[in-house]
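J.: Just so we're aligned, residue 372 is where the sequence shown starts under the numbering used here, counting upward by one. Cβ atoms here follow ideal geometry from the backbone N, Cα and C, with glycine treated the same way. This structure is a prediction, so every number in the text was calculated from the model and none was measured.
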Amino acid sequence: MNMLANAYQIEFGGQTLWLDPSGAVYRPGTDSHASRLLVADLHLGREATLQQAGISLPNGGTSRTLERLTAVLENYQPAELWILGDLVHARDSLTETNWNEIRSVLARLARDSIHLIEGNHDRPSRCILSELLTIHTAPVLAESIWLAHDAKHDFIEAKIRPEKHPVIAGHVHPGYCIPDTGQRLKCFHYQPNLLTVPAFGEQTGTTKVTRTANANVLFATGTSVIPWPSPGM
372 MNMLANAYQI EFGGQTLWLD PSGAVYRPGT DSHASRLLVA DLHLGREATL QQAGISLPNG
432 GTSRTLERLT AVLENYQPAE LWILGDLVHA RDSLTETNWN EIRSVLARLA RDSIHLIEGN
492 HDRPSRCILS ELLTIHTAPV LAESIWLAHD AKHDFIEAKI RPEKHPVIAG HVHPGYCIPD
552 TGQRLKCFHY QPNLLTVPAF GEQTGTTKVT RTANANVLFA TGTSVIPWPS PGM
């Protein structure tokens, strides 16, 4: 089976990237760089936090998100996993069951091969999450591309000027409304110097993004990646 069969190839920041239908991004390895899988905004345990607040939300979202993460890890076999923020939804999201599931999935990689660009939802859980992975509290320049959670505020807080290098980030949960349907679907928002990846987690919601001459939309449907408008439209 071709692991890239349903992925969509782009060139970004001088690197070849594959956009996966799950919302992940895969950067193949080279002679000088390890292969890398990027995901953002899993918000694991979100249903537990909302249920504790009296908000009804079905169980199972965290387990299904982790199952999809397991599937893409098995498919691509990356040397490194980079999580672009908001791995968990809140400190009280880490119930014993959720914590054990998270540990089991991340145990597929060595601790020093798993990196978290800390998101705003991760901060209260920093100590416990550091048992499983390496935490970065500011954007990281990985070869020629910045990896961040929030493409705007992370750089302001860290007093970093990204300038010459493009950025891959999460945080926004981008979604695009299909004209005349009212449907808003998860998407990659692809600009010359910024690639915003969709939320990998289930039931995380979306924020409307726009399509312009310099901002392309590629839907992540779970089974395919579809540029919009699709060819021929």
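With respect to the beta strand (DSSP E) encompassing Thr505, which residues constitute its N-terminal and C-terminal limits?
T.: 505 to 507
J.: From the DSSP output, which residues share a beta bridge with Tyr547?
T.: Leu556
J.: Please report how far the alpha carbon of Thr408 lies from the alpha carbon of Ala395, in whole angstroms.
T.: Checking the sequence, you will find Leu at residue 408 rather than Thr. About 7 Å.
J.: Taking Cβ positions, are Tyr561 and Asn587 nearer each other than 7 Å?
T.: yes
J.: Would His544 and Asp412 be called neighbours here (beta carbons separated by less than 7 Å)?
T.: Between His544 and Asp412, the gap from beta carbon to beta carbon is short of 7 Å.
J.: Would you mind giving the Cβ-Cβ distance between Ile488 and His520, rounded to the nearest angstrom? I have them listed as a contact below 8 Å.
T.: Contact between Ile488 and His520 holds: their C-beta atoms lie close to 5 Å from each other, under 8 Å.
J.: Quick one: using the 10 Å Cβ neighbour count with 16 as the cut-off for buried, is Asn469 buried or exposed?
T.: Counting Cβ neighbours within 10 Å, Asn469 comes out buried, since at least 16 surround it.
J.: Residues in the same chain with beta-carbon distance under 6 Å from Ser484, minus the five sequence neighbours each way, listed in chain order, please.
T.: Glu451
J.: Less than 8 Å between the CB atoms is what I'm expecting for Gly416 and Val459, so what's the real figure, rounded?
T.: 6 Å
J.: Apart from the five residues on each side of it in sequence, which residues of its chain come closer than 7 Å, Cβ to Cβ, to Ser595?
T.: Contacts found: Asn377, Pro392.
J.: Determine which residues share a DSSP beta bridge with Ala450 and list them.
T.: According to DSSP, which records beta bridges pairwise, Ala450 is partnered with nothing at all.
J.: Can you list, in chain order, the stretches of the alpha helix (DSSP H) that have 4 or more residues and sit fully within the segment 442 to 523?
T.: Whole alpha helix (DSSP H) segments, 4+ residues: 467 to 477, 497 to 500.
J.: By Cβ distance, which residues of its chain are closer than 6 Å to Pro533, with the 5 residues on each side in sequence left out?
T.: Trp517, Phe526
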